[in-house]
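**Student:**
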Amino acid sequence: MPWWRRVRHTPPPHGAEPAAPAGTPGDDAGQPYIRDAERRSLRRLLQRRSNLAYDLAQAELALQPENPWTERIAQLDAAIAQAEADLAALRPAPATVPRVQLPATPIAVEDVRPAEPAAVTLRAGEVTLRYQEEIDWAERGHQVALPQLARVAGDVAPLVPADLEASTRAALADHLRQGFSIVAEEALERAAAGEPPPAYTLADLTRPCPTCGGWQDPKGRCAACAELERQRQRIRAGLERLRAERDEQRQEMERYRERLPVIRRQLAETEADIAKLRAKGVEPA
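With our numbering applied, the sequence shown covers 11 to 295.
#1: Beta carbon of GLN124, beta carbon of ALA202: below 8 Å?
#2: Smallest Cα separation from ALA163: which of ARG275, ALA234, THR131, VAL170?
#3: Provide the residue span of the beta strand (DSSP E) that contains ALA134, from first to last.
#4: Please confirm if the region 214-222 is in contact with the region 76-92, defined as three or more CB-CB distances below 8 Å between the two stretches.
#5: Mind listing, in chain order, the continuous beta strand (DSSP E) runs of no fewer than 3 residues lying wholly within the region 79-114?
#6: Run through the DSSP bridge pairs and tell me what ALA160 is partnered with.
#7: Tell me whether the region 222-231 and the region 54-70 touch, counting them as touching only if at least three CB pairs, one residue from each stretch, are closer than 8 Å.
#8: For the beta strand (DSSP E) holding GLU121, just list the boundary residues, first then last.
#9: Rounded to whole angstroms, what's the CA-CA distance from ARG82 to ARG240? Just pull it up for me.
#10: Over the uninterrupted alpha helix (DSSP H) stretch that includes CYS235, give me the two end residues.
#11: Drop a sphere of 10 angstroms on the beta-carbon of GLU325, count the other beta-carbons inside from all chains shown, and report buried for 16 or more, exposed for fewer.
#12: Where does THR211 fall in DSSP's three states?
#13: From this set, ALA134, GLU120, ARG101, which residue's C-alpha is nearest PRO113's C-alpha?
#14: To the nearest angstrom, how far is it from the Cα of ARG179 to the Cα of VAL170?
#15: Quick one: any contact between the region 62-75 and the region 268-288, if contact means 3 or more CB pairs under 8 Å?
#16: Among GLU196, ARG246, PRO206, ARG242, whose alpha-carbon lies nearest the alpha-carbon of PRO228?
#17: So for ALA295, helix, strand or coil by DSSP?
#18: So the candidates are ALA295, ARG49, VAL122, ARG246; which of them puts its Cα closest to the Cα of ALA95?
#19: Starting from GLY189, trace the alpha helix (DSSP H) both ways and give me its first and last residue.
#20: Using the Cα positions of ASP257 and SER191, report the straight-line distance between them to the nearest angstrom.
#21: Here's the rule: buried if 16 or more other CB atoms are within 10 angstroms of the residue's CB, otherwise exposed. What is ALA99?
#22: Would THR115 and LEU212 be called neighbours here (beta carbons separated by less than 8 Å)?
#23: Under 8 Å Cβ to Cβ from LEU97, same chain only, skipping five residues before and after it: list those, please.
#24: Between the Cα of ALA69 and those of GLU293, ALA93, ALA295, ARG267, spot the shortest distance and give me the residue it belongs to.
#25: Leaving aside the five residues before and after ALA118 along the sequence, list all residues of the same chain whose C-beta is less than 6 Å from its C-beta, in chain order.
#26: How big is the Cα-Cα spacing for CYS232 and LEU238?
#27: Can you tell which of PRO271, ALA289, ARG161 has its C-alpha closest to the C-alpha of LEU66?
#28: From the DSSP output, read off the bridge partner residues of GLN68.
#29: Leaving out the 5 sequence neighbours to the left and right, which residues in its chain are closer than 8 Å to ALA91 when beta-carbon positions are compared?
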């Protein structure tokens with residue numbers, strides 16, 4: 011006999027109710043059937059209520075005359091005022107001792123070699139200075155980069171008057187070294203472009219700055235004034251950051267104040283939705 015014929019269906023006793031299929035919710039305990047989707051919805055609502063409660067506290071705090079935003083704005087105002095005062099104080103201070111300007115002794119470009127390694131020879135009076143490029147070689151001798159010219163022979167010390175104070179002599183020597191380097195680089199650039207060499211004198215390298223009384227380089231730039239401008243740029247950049255942060259603080263405080271009625275309404279709606287789910291017996295898992 012086939013197996014299915016051997017399985018007999020036993021009917022329930024007379025008057026008994028058939029058993030509910032597995033997995034079907036019952037109401038023996040008097041509890042409604044709670045779906046997982048409702049539990050997930052309640053968890054989301056509880057998290058939303060927590061977030062809205064925080065926003066409500068922040069918005070109510072923003073309405074107070076003194077709050078974290080006004081305190082931070084006051085700190086930023088003080089920092090901005092100090093930075094503006096520092097910027098106004100950055101003015102060239104004319105040198106109390108007049109800077110020495112050397113005589114108009116010509117600076118001759120005796121030799122220029124644009125080929126690698128490039129080299130330039132300058133002469134001023136009895137002083138001869140030689141500059142050469144230091145080449146960085148990669149594998150197989152291929153050139154990677156050519157840095158600026160470096161002085162390899164000669165010095166400017168004999169050009170500095172011996173009757174100056176030691177500090178002035180040292181400052182003038184440093185300035186002359188920088189000036190001669192600029193002349194050498196310009197001579198190399200002109201030679202590579204097929205142009206005649208520049209014509210400078212020692213007086214051109216020690217021209218006094220009309221603003222602060224310091225020395226200008228051959229291009230008419232003053233190192234002291236350039237340093238002051240760099241300091242101004244740093245302070246201006248700091249001022250921009252401080253002002254931007256102050257604006258952000260004001261805008262954030264104003265956003266909280268404006269959103270207060272909306273936050274209260276959203277919180278009330280969220281509380282009502284939570285109450286409805288809990289009235290059905292829903293609790294987060």
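In this text, a Cβ means the ideal position worked out from N, Cα and C, and glycines have one as well.
**Tutor:** Answer, in terms of the structure:
#1: One point to set straight first is that residue 124 is Pro, not Gln, in the sequence displayed. Cβ distance < 8 Å, so PRO124 and ALA202 count as in contact.
#2: Selected option, being the one with the closest Cα: THR131.
#3: 129-134
#4: no
#5: none
#6: GLN142
#7: Touching, no.
#8: It should be pointed out that residue 121 corresponds to Asp in this sequence rather than to Glu. Counting along the chain, the beta strand (DSSP E) containing ASP121 begins and ends at 116-123.
#9: 29 Å
#10: CYS235 -> alpha helix (DSSP H) spans 233-289.
#11: Because the chain is modelled from 11 through 295, residue 325 falls outside the range shown and cannot be assessed.
#12: strand
#13: ALA134
#14: 6 Å
#15: yes
#16: With distances taken between CA atoms, PRO228 lies nearest to GLU196 out of GLU196, ARG246, PRO206, ARG242.
#17: Here DSSP, grouped into helix, strand and coil, assigns ALA295 to coil.
#18: ARG246
#19: 176-202
#20: 47 Å
#21: exposed
#22: yes
#23: Hits under 8 Å: ARG242, ILE245, ARG246, LEU249.
#24: ARG267
#25: ARG133
#26: The alpha-carbon atoms of CYS232 and LEU238 are separated by roughly 10 Å.
#27: PRO271
#28: When DSSP reads this structure, GLN68 sits in no beta bridge, so it has no partner.
#29: Counting only residues of its own chain and dropping the five nearest sequence neighbours on each side, ALA91 has no CB closer than 8 Å to any other CB.
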